[in-house]
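Contents: one structure, followed by commentary.
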Amino acid sequence: HLSKRLQTVSDHVEPGSRLADIGSDHAYLPIHLAQTHVIDFGVVGEVAKGPLANATSEITKDHLLGVLHPRLADGLAAIEPGDDINAITIAGMGGNLITHILEAGKERLVGKEKLILQPNVGEPVVRSWLMANQYRILAEQILKEDGHIYEIITAKKTAKPVKYSELALKFGPFLLKEKSPVFVEKWREEMGLLARVIKNMEQATIPDTAKIAAIQSEINLIN
Ligand code: SAM
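Residues 5 to 227 (UniProt numbering) are what the sequence shown spells out, left to right.
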């Protein structure tokens, strides 16, 4: 049984995909996809030995060693020539790390891969990387689970570069249009947080008025 977060990520993997799940940890996502026969080939990449051992033992226990291939590797280095990967999932880490993994592994990307990304924080950094590298955002989701709000971004390389506005990069082009209750909740919370930061800053002996003004304009933007 997958978390709602990983279930939503897995919903974007098309049947018959050749998947690379990078930073797989326990490998729950590729195992679920293999068990439901969505995929019959998956690379399970992990940079750390402990998580890789977990992944390998879960995969072995479920008799999926012929289908899922656990590999100790940094980021996209888990992908080998001949894997013919056309879907990549990177979930459950910060946007900076996801962006770093994509940037460092660029030469392993042939351009046909659907990227399914689930940053825990720092979504704008991911969108900016996608735009700078000529990807088109295909879909976005936002969901709440156990008190956390998660965003999922899928993208594919495009022949024509797409220009996203500052607002679209910050809030997400699809999420901004949709304005779902969870989206509204996320940004209300963020405004509340920023308002508290301003309150605290105003208590200082010499308040940093420039910084306060910058945060206030951030609040206005969100509003
Ligand atoms: N993807 C799973 C999920 O969403 O539930 C696991 C997320 S877990 C919090 C993040 C995993 O990414 C850790 O197991 C960590 O070892 C791995 N990781 C971090 N940096 C990595 C890198 N450069 N390459 C591969 N794996 C990495």
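Ideal Cβ positions, reconstructed from N, Cα and C, are used throughout, including at glycine. This structure is a prediction, so every number in the text was calculated from the model and none was measured.
For residue i, the three-state DSSP class (helix, strand or coil)
i: Q207; result: coil
i: I202; result: helix
i: H36; result: helix
i: A218; result: helix
i: P55; result: helix
i: D44; result: strand
i: G27; result: coil
i: S61; result: helix
i: S21; result: strand
i: L76; result: strand
i: I94; result: strand
i: E84; result: coil
i: G196; result: helix
Beta-carbon separation (whole angstroms), residue i vs residue j, contact threshold 8 angstroms
i: I63; j: L72; result: 5 angstroms
i: S28; j: P34; result: 6 angstroms
i: E144; j: F178; result: 4 angstroms
i: L56; j: L76; result: 5 angstroms
i: I157; j: E127; result: 7 angstroms
i: R22; j: N90; result: 5 angstroms
i: H121; j: I102; result: A small correction: the amino acid at residue 121 is Leu; His does not occupy that position in the sequence shown. That pair is a contact at about 6 angstroms.
i: R9; j: E149; result: 5 angstroms
i: D25; j: T93; result: 5 angstroms
i: P123; j: V114; result: Incorrect: roughly 23 angstroms between the Cβ atoms, too far for contact.
i: E189; j: I153; result: 7 angstroms
i: G79; j: G109; result: 5 angstroms
i: A31; j: A59; result: 4 angstroms
(request) Evaluate contact between the stretch 126 to 141 and the stretch 32 to 52, counting only Cβ atoms and requiring at least three cross-stretch pairs below 8 angstroms. (result) Flag = no, the stretch 126 to 141 and the stretch 32 to 52 do not touch.
(message) Tell me whether the stretch 157 to 174 and the stretch 193 to 201 touch, counting them as touching only if at least three CB pairs, one residue from each stretch, are closer than 8 angstroms.
(response) The count of Cβ pairs closer than 8 angstroms, one atom from the stretch 157 to 174 and one from the stretch 193 to 201, stays below three, leaving the stretches out of contact.
(message) If we require 3 or more residues per run, which beta strand (DSSP E) segments fall completely within the stretch 100 to 187?
(response) The beta strand (DSSP E) runs lying completely inside the stretch 100 to 187 and spanning 3 residues or more are 118 to 123, 139 to 149 and 152 to 161, given in chain order.
(request) Could you please go through the chain and list the residues whose beta-carbon is closer than 6 angstroms to any non-hydrogen atom of ligand 1? (result) The set of residues with any CB-heavy atom separation to ligand 1 below 6 angstroms comprises, in chain order, L10, I26, G27, S28, D29, G49, E50, V51, A52, P55, D78, G79, A95, G96, M97, L101 and I105.
(message) Within 8 angstroms, do at least three Cβ pairs link the stretch 181 to 189 to the stretch 206 to 220?
(response) Under the Cβ criterion (8 angstroms, minimum of three pairs), the stretch 206 to 220 does not count as touching the stretch 181 to 189.
(message) Quick check: the stretch 98 to 105 against the stretch 34 to 44, are at least 3 beta-carbon pairs closer than 8 angstroms?
(response) No, the stretch 34 to 44 is not in contact with the stretch 98 to 105.
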